[in-house]
Amino acid sequence: MEVKEAMLTRRSVRKYKSQAVSDEDLRDIIDAALYAPSATNVQPWYFLALKSQEAMDRFRVILGKTVENFIPELQKRFPDNPQVVAETENFLKNIGGAPVCILAFLLKHEDDDPNYKETFTKLQSVSAGIQNMLLAAWEKGLGSCWMTAIVNAGLGEDIRGEFAPDHGSLVAAIAIGYPDHAPKAPKRKEGRFKII
Ligand SMILES: Cc1cc2nc3c(=O)[nH]c(=O)nc-3n(C[C@H](O)[C@H](O)[C@H](O)COP(=O)(O)O)c2cc1C
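If you use our numbering, the sequence shown corresponds to residues 1 to 196, in order.
Shown next, in the form of structure tokens:
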């Protein structure tokens with residue numbers, strides 16, 4: 001698959017088949033993240049793939065709290081669209097049945113160093129790694145969904161404590177699995193670029 005095709009056809013997948021993802025594919029996907037650009041080549045990331053039933057069960061317990069914290073906010077934001085709220089709630093409860101979830105951490109934790117000022121560039125570097133993973137997964141026919149709801153709901157620290165206490169701050173969780181639906185591309189907004 002050409003890179004441009006992957007970029008245009010990739011979608012956020014919120015419903016997955018139970019089919020397992022191979023370790024080989026997972027390693028390839030994470031490898032793509034490790035080759036992303038990073039500011040001053042610091043490579044400030046740590047990726048943890050949750051795959052075993054036991055790890056995913058522990059993750060789902062924390063996800064349950066996300067639903068409690070996040071859904072009231074979503075109801076306020078979409079008062080006339082209960083379908084969006086219901087779909088999101090359903091997705092957040094078990095990440096759409098995804099068999100794998102990759103946690104992306106920004107390696108250094110701000111609490112460790114009050115003078116730590118580089119979060120802005122480091123966050124961009126981790127994000128570049130995440131995007132590489134979405135595209136590498138899609139090339140293999142695997143769907144994904146980049147999720148920050150768990151962080152927005154204030155549960156990043158719970159995830160960090162549970163899974164990677166020494167590996168920085170949680171940036172996002174990325175669901176990975178074989179798609180069980182084919183989402184349409186949400187409309188792209190006009191007027192968001194100019195060439196001068
Ligand atoms: C930083 C970031 C955070 C996101 N967080 C969530 C999330 O918490 N839950 C979710 O369902 N989708 C999440 N998404 C996916 C977006 O909703 C999705 O990318 C957008 O609607 C465009 O759809 P597409 O990915 O299919 O092109 C996130 C995407 C990004 C880049």
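A virtual CB, placed ideally from N, CA and C, is assigned to each residue, including glycine.
Whole-angstrom C-beta distance between residue j and residue i, which should lie under 8 Å
{"i": "THR66", "j": "ALA149", "result": "6 Å"}
{"i": "CYS101", "j": "VAL13", "result": "Not quite, the Cβ-Cβ distance comes to about 13 Å (not below 8 Å), so this is no contact."}
{"i": "ASN152", "j": "ALA36", "result": "Not a contact, Cβ separation roughly 23 Å."}
{"i": "ALA175", "j": "ARG11", "result": "No, ALA175 and ARG11 are not in contact; Cβ-Cβ is about 12 Å, not under 8 Å."}
{"i": "LYS122", "j": "PRO44", "result": "4 Å"}
{"i": "LEU142", "j": "GLY191", "result": "Between GLY191 and LEU142 the Cβ distance is about 33 Å, and since that is not below 8 Å, they are no contact."}
{"i": "SER125", "j": "ALA39", "result": "5 Å"}
{"i": "ASN69", "j": "GLY154", "result": "6 Å"}
{"i": "GLN75", "j": "VAL85", "result": "6 Å"}
N- and C-terminal bounds of the beta strand (DSSP E) containing residue i
{"i": "SER144", "result": "143 to 147"}
{"i": "ILE174", "result": "169 to 177"}
{"i": "VAL100", "result": "100 to 106"}
{"i": "PHE47", "result": "45 to 50"}
Cα-Cα separation between residue i and residue j, rounded to whole angstroms
{"i": "ASP166", "j": "LEU48", "result": "12 Å"}
{"i": "LEU92", "j": "GLY64", "result": "7 Å"}
{"i": "ALA6", "j": "ALA98", "result": "20 Å"}
{"i": "ALA136", "j": "LEU26", "result": "10 Å"}
{"i": "LYS189", "j": "LEU8", "result": "15 Å"}
{"i": "ASP31", "j": "ASP180", "result": "25 Å"}
{"i": "ILE29", "j": "PHE59", "result": "20 Å"}
{"i": "PHE105", "j": "ILE71", "result": "24 Å"}
{"i": "MET147", "j": "GLU24", "result": "23 Å"}
{"i": "LEU50", "j": "LEU103", "result": "8 Å"}
{"i": "SER52", "j": "LYS17", "result": "16 Å"}
{"i": "ALA202", "j": "PHE120", "result": "In this structure the chain extends from 1 to 196, so residue 202 is not present and cannot be described."}
{"i": "SER22", "j": "LYS108", "result": "30 Å"}
{"i": "GLU157", "j": "GLY168", "result": "10 Å"}
{"i": "GLN140", "j": "VAL3", "result": "A small correction: the amino acid at residue 140 is Lys; Gln does not occupy that position in the sequence shown. Looking at the two C-alpha atoms, the distance is approximately 12 Å."}
{"i": "GLN83", "j": "ILE95", "result": "17 Å"}
Any non-hydrogen atom of ligand 1 closer than 7 Å to residue i Cβ
{"i": "PHE91", "result": "yes"}
{"i": "CYS145", "result": "yes"}
{"i": "PRO186", "result": "yes"}
{"i": "PRO72", "result": "no"}
{"i": "ARG60", "result": "no"}
{"i": "THR9", "result": "no"}
{"i": "THR88", "result": "yes"}
{"i": "PRO183", "result": "yes"}
{"i": "THR119", "result": "no"}
{"i": "SER12", "result": "yes"}
{"i": "ALA6", "result": "no"}
{"i": "ALA149", "result": "yes"}
{"i": "ALA172", "result": "yes"}
Enclosing alpha helix (DSSP H) for residue i [first to last residue]
{"i": "VAL67", "result": "53 to 77"}
{"i": "ALA33", "result": "23 to 34"}
{"i": "LEU8", "result": "3 to 9"}
{"i": "LEU155", "result": "Careful: LEU155 lies outside any alpha helix (DSSP H) and carries neither H nor E."}
{"i": "ALA86", "result": "82 to 94"}
{"i": "ILE130", "result": "119 to 139"}
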